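Each residue of the sequence shown is one higher than the one before, counting from 1 in the numbering used here.
Take a look at the structure below.
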Amino acid sequence: MTAVDNIVAGPRTLREFAARLIEQPDKSTSSDAILECFLDWVTETGLELYPAQEEAILEILAGKHVVLNTPTGSGKSLVATAMHLAAVARRRRSVYTSPIKALVSEKFFALCREFGPDRVGMMTGDASVNRDAPILCCTAEILANMALRDGRMAPVDDAVLDEFHYYGDRDRGMAWQIPLLALPYTTFLLMSATLGDTTRVEDGLRRLTKQEVAVVRSATRPVPLDFEYRETPLHETIGYLLDRGRAPIYIVSFTQREAAEEAQNLMSTNLCSREEKAAIAEAMAGFRFDTPYGKEIQGYLKHGVGVHHAGLLPKYRLLVEKLAQQGKLRVICGTDTLGVGVNIPIRTVLFTKLCKYDGEQTRILGARDFKQIAGRAGRKGFDDHGYVVCQAPEHVIENKKLEAKAAADPKKKKFVRRQPPEKGYVPWDRSTFEKLIERDPEPLQSRFVVSFGMILSLIQSPANINAWGGGYRRLVELIAAAHDEARAKTRHRREAATLFRALRKAGIVKLVPLDARKEGGGGRAVRLDEHLQKDFSLHHTLSLYLLDAIGRVPQDSPTYAFDVVSLVESLLENPQVVLQAQEHRARSEKIAELKAAGVEYEERMAELEKVSYPKPLADFIYDTFNEFSALHPWVGQENIRPKSVVRDMVERYVAFNDYVKEYGLQRSEGVLLRYLMQAYKLLVQTVPDAAKTDEVHDVIGYLRAMFEHVDTSLLQEWERMLHPPVPEGEAAPVGPRDLSADPKAFAARVRAEMHALVRALAERDWEDAAVGTRADPEDPWTPERFAQAMAEYYAEYPTLRFDHGARFPKYTRIEAVADQRWRVTQVLVDPEEDNLWHIEGEVDLRGDGFPEGPLVTIRAIGV
């Protein structure tokens with residue numbers, strides 16, 4: 001038996017393989033030992049490497065950069081795992097990056113299982129876990145910030161840049177380029193199925209690192225694709241595919257509305273047998289379709305049709321993915337988000353069109369976008385072939401039918417041809433489809449841009465503080481290294497000089513002479529003004545404004561908590577579909593008001609132009625932001641956006657479902673929920689504790705209780721990222737949390753749960769009441785039990801009050817009865833204000849100081 005055999009004999013998990021390597025340091029850095037270790041682990045897992053995987057792994061172990069351009073499903077993640085193993089064995093630090101936080105989180109937990117949670121950390125901007133671990137999972141923006149701040153001293157020995165085609169993304173591509181310009185001692189693995197020509201990237205890496213770059217390309221798919229162009233109506237095409245056993249089918253639309261309409265159209269087609277429908281119903285048993293759009297989703301799924309797009313609540317999208325993975329759905333109607341990070345196994349991708357609005361105009365799909373979506377067809381281990389089908393334009397299909405009809409009837413020589421759409425359409429045909437199939441993805445386009453944030457990051461870098469020219473000189477070097485043409489670099493240098501002069505004029509930065517005897521031969525360094533150093537934040541420029549503005553709002557103001565919410569909302573991206581609904585309603589109300597007042601049409605229209613969605617505190621926000629910008633000119637590139645979504649809901653204490661119905665947001669429930677979650681995170685993480693009055697804590701509690709009722713997916717993902725679960729028998733990377741450690745936040749969360757329960761009882765929504773409380777298997781409170789408990793109350797009083805006065809803190813009593821146990825009493829306010837009825841409950845945190853789900857277990861309701 002060889003020495004290597006001794007290393008790898010016995011263990012069955014990758015972390016155990018890695019541990020054995022580390023225990024024998026004389027072997028651990030050997031490429032042969034690492035390779036054999038990895039191959040033995042691969043064999044034990046039942047996998048088999050493709051030639052491209054083997055080639056890429058060998059190049060990585062030889063110390064080269066690798067550009068890995070292989071099709072979807074060809075195992076690029078396994079190559080990344082080999083790089084992490086080599087880094088662990090050689091005591092190097094490796095970083096995995098992805099464009100999507102959900103993918104970073106998914107990879108974090110996967111690597112925790114493979115290498116152990118003590119060796120894996122995560123940073124996403126929302127959460128930071130074990131950030132100094134030898135393997136770090138982060139978004140590309142986090143790695144870019146590390147590269148700017150720490151430069152060649154950054155603790156990044158190896159970096160996996162997944163979905164590297166984002167390098168060419170108009171808005172986010174800069175984050176993929178910065179590490180390639182600022183990390184000269186890092187070895188990179190750049191992975192994507194749709195890279196195109198990467199010559200400029202390869203040349204830049206060679207110049208920067210003096211290391212070789214190996215390009216590993218393969219067009220061989222584990223599951224080959226067949227392509228077909230159809231000129232039959234969509235429902236006939238779907239029938240044709242189903243008859244030939246090509247389900248599951250993913251019907252690609254480019255708007256959420258179109259995806260929903262396609263799902264509705266399929267309800268008239270029998271897609272599943274009775275037995276298949278029964279299996280779907282069984283798989284969904286117990287799932288709550290309890291939002292306004294939920295019943296439609298449930299109807300689609302029972303029929304064998306899934307819907308998948310960003311407007312859905314996460315719990316519905318996850319259910320669709322689960323059912324698809326179980327092979328229970330015949331057709332899924334969704335948007336092109338399928339291209340990145342969606343785990344839906346499908347056999348056929350069906351394009352309804354080949355043109356898409358890109359934010360500026362409607363264009364034919366690029367080859368990269370087309371291949372990214374088409375590449376999802378074909379399930380490894382299930383399918384011999386994947387199928388990609390494209391529909392001809394609707395008017396072309398209709399005209400073909402009319403022509404055939406006219407040809408069959410000699411008397412009918414003329415017919416009215418259907419015209420193409422006037423908006424949102426660019427012509428395509430069979431040749432367009434064929435060109436997209438044959439064409440290589442477009443060359444990756446550099447998105448390098450100079451910004452105030454970049455300059456300030458470089459100036460603050462410890463590596464640049466005492467260097468001649470400091471961060472500004474380093475910026476000039478980065479521009480010279482950028483993957484741009486000479487003309488573009490000249491433009492970048494002019495922009496850099498303009499921004500730097502603005503920073504000097506504002507007194508943000510200054511030039512400091514260096515001592516020629518001590519600091520590298522004299523010259524001048526660029527420094528941030530020492531008075532600004534304490535309050536300058538690298539990553540959260542607008543958060544600085546938030547802290548400044550909150551300090552100007554008096555805490556004794558009766559609207560203080562609402563004003564804090566308005567300031568938080570002004571930092572968030574606009575949820576356009578929600579704001580449009582608000583504006584539409586405001587305009588409708590204004591028109592009715594002006595008509596009732598007898599205002600003439602022209603004047604009504606003029607007045608209507610002034611109407612927008614609500615923007616409470618707008619003048620204060622704009623004024624304070626302008627003042628802040630004058631002192632901090634780098635925020636000039638940021639936007640402030642006053643609006644009122646969370647504030648509107650909190651002020652009126654509106655339930656999520658009621659708000660969705662009020663504004664017709666059924667198909668955009670997910671947009672609203674994500675926006676609320678972003679506001680919640682800012683309130684929890686960024687608003688300082690000193691600014692969190694009891695009323696602000698109540699707002700936080702209200703939002704959290706809402707998530708518990710509607711969909712906990714985003715909440716649990718965030719809290720798992722902050723405090724990940726730990727495999728049994730292993731040390732936790734972070735300490736346990738105790739909710740009661742913050743008495744104000746704890747009390748606010750309990751009050752919010754009780755208020756949500758009272759609202760459910762006031763609306764006689766017994767199902768909602770049961771969902772919003774902590775279950776006790778030995779003493780369950782079912783919907784029927786809640787109805788029975790309240791029957792006597794409603795026999796005595798016609799209604800249960802749930803206005804602002806009924807939610808006063810005095811009506812919720814929380815008393816400690818033992819260690820980690822509390823008694824909760826909620827007074828039910830009746831119309832006569834006898835207030836004899838109350839709810840009794842308890843909170844028990846023994847054994848779990850931070851439980852998922854509701855905190856309060858109900859014990860009694862009565863007098």
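In this text, a Cβ means the ideal position worked out from N, Cα and C, and glycines have one as well.
Computed from a predicted structure; not experimentally measured.
Three-state secondary structure (DSSP) at residue i?
i: Phe108; result: helix
i: Glu212; result: coil
i: Met122; result: strand
i: Leu836; result: coil
i: Trp176; result: helix
i: Val156; result: coil
i: Cys37; result: helix
i: Phe808; result: coil
i: His65; result: strand
i: Tyr357; result: strand
i: Gly381; result: coil
i: Gly334; result: strand
i: Thr81; result: helix
i: Ile640; result: coil
i: Thr362; result: strand
i: His308; result: strand
i: Gln826; result: strand
i: His539; result: Model confidence at His539 stands at a pLDDT of 41, short of 50, so the residue's coordinates are unreliable; what they give is reported in the following sentence. Residue state, collapsed to three classes: coil.
i: Ser94; result: strand
i: Glu114; result: helix
i: Gly729; result: Low confidence applies to Gly729: its pLDDT is 48, below 50, so where it sits in the model is not reliable enough to give any reading.
i: His483; result: coil
i: Met284; result: coil
i: Val509; result: strand
i: Gly75; result: coil
i: Ala816; result: strand
i: Thr498; result: helix
i: Leu58; result: helix
i: Glu589; result: helix
i: Ala775; result: coil
i: Thr43; result: helix
i: Ile397; result: helix
i: Gln326; result: coil
Could you round the C-beta distance between residue i and residue j to whole angstroms and report it? I think they count as a contact, below 8 Å.
i: Ala159; j: Thr97; result: 7 Å
i: Ala367; j: Asp440; result: 7 Å
i: Val213; j: Gly73; result: No, Val213 and Gly73 are not in contact; Cβ-Cβ is about 25 Å, not under 8 Å.
i: Leu608; j: Ile591; result: 7 Å
i: Ala406; j: Phe415; result: 5 Å
i: Asp648; j: Pro614; result: 7 Å
i: Glu669; j: Val660; result: 6 Å
i: Leu444; j: His65; result: Incorrect: roughly 15 Å between the Cβ atoms, too far for contact.
Please determine, among the options, the residue with the shortest C-alpha to C-alpha distance to residue i.
i: His697; options: Ser192, His165, Ala748; result: Ala748
i: Ala787; options: Leu757, Lys810, Asp776; result: Leu757
i: Thr686; options: Val568, Met649, Phe746; result: Val568
i: Arg641; options: Leu542, Ala860, Ala561, Leu714; result: Leu542
i: Leu225; options: Gly386, Glu438, Val817, Val42; result: Gly386
i: Val88; options: Trp41, Arg647, Ile22; result: Ile22
i: Gly841; options: Leu323, Leu855, Arg20; result: Leu855
i: Thr337; options: Ser253, Ala745, Glu485; result: Ser253
i: Gly381; options: Met790, Arg859, Lys411, Ile346; result: Ile346
i: Thr220; options: Ala193, Lys643, Asn265; result: Ala193
> Enumerated in chain order, which unbroken segments of the alpha helix (DSSP H) with a length of 4 residues or greater are wholly contained in the segment 435 to 478?
Replying inline: Runs of alpha helix (DSSP H) with 4 or more residues, each lying fully within the segment 435 to 478, are found at 452 to 460, listed in chain order.
>> Measuring CB atoms only, is the segment 779 to 788 touching the segment 832 to 851, in the sense that at least three cross pairs come out at less than 8 Å?
In response: The segment 779 to 788, when compared against the segment 832 to 851, does not touch it at the 8 Å Cβ threshold.
>> Between the segment 359 to 376 and the segment 313 to 326, can you find at least three pairs of beta-carbon atoms closer than 8 Å?
In response: Segments in contact, no.
> Do the segment 322 to 339 and the segment 241 to 251 touch if we need at least three Cβ pairs shorter than 8 Å?
Replying inline: Flag = yes, the segment 322 to 339 and the segment 241 to 251 touch.
> Are three or more beta carbon pairs between the segment 397 to 414 and the segment 80 to 95 nearer than 8 Å?
Replying inline: They do not touch, by the three-pair rule.
>> Measuring CB atoms only, is the segment 129 to 141 touching the segment 103 to 117, in the sense that at least three cross pairs come out at less than 8 Å?
In response: They touch, by the three-pair rule.
> Contact between the segment 793 to 812 and the segment 757 to 767: three or more CB pairs below 8 Å?
Replying inline: Look at the beta carbons and you see the segment 793 to 812 touching the segment 757 to 767: at least three pairs across the two are nearer than 8 Å.
> Would you say the segment 171 to 179 touches the segment 446 to 460, given that touching needs at least three Cβ pairs under 8 Å?
Replying inline: The way I'd put it, the segment 171 to 179 does touch the segment 446 to 460; three or more beta-carbon pairs between them come closer than 8 Å.
> Would the segment 830 to 838 and the segment 797 to 804 be scored as touching if the rule is three or more Cβ pairs under 8 Å?
Replying inline: A contact exists between the segment 830 to 838 and the segment 797 to 804.
> Along the chain, which unbroken stretches of the alpha helix (DSSP H) at least 4 residues long are found entirely within the segment 199 to 260?
Replying inline: As far as the segment 199 to 260 is concerned, its whole alpha helix (DSSP H) runs of at least 4 residues are 199 to 209, 234 to 243.
> Any contact of the segment 30 to 49 with the segment 133 to 149, i.e. 3+ C-beta pairs under 8 Å?
Replying inline: In the pairwise beta carbon analysis, the segment 30 to 49 is classified as not touching the segment 133 to 149: fewer than three pairs are separated by under 8 Å.
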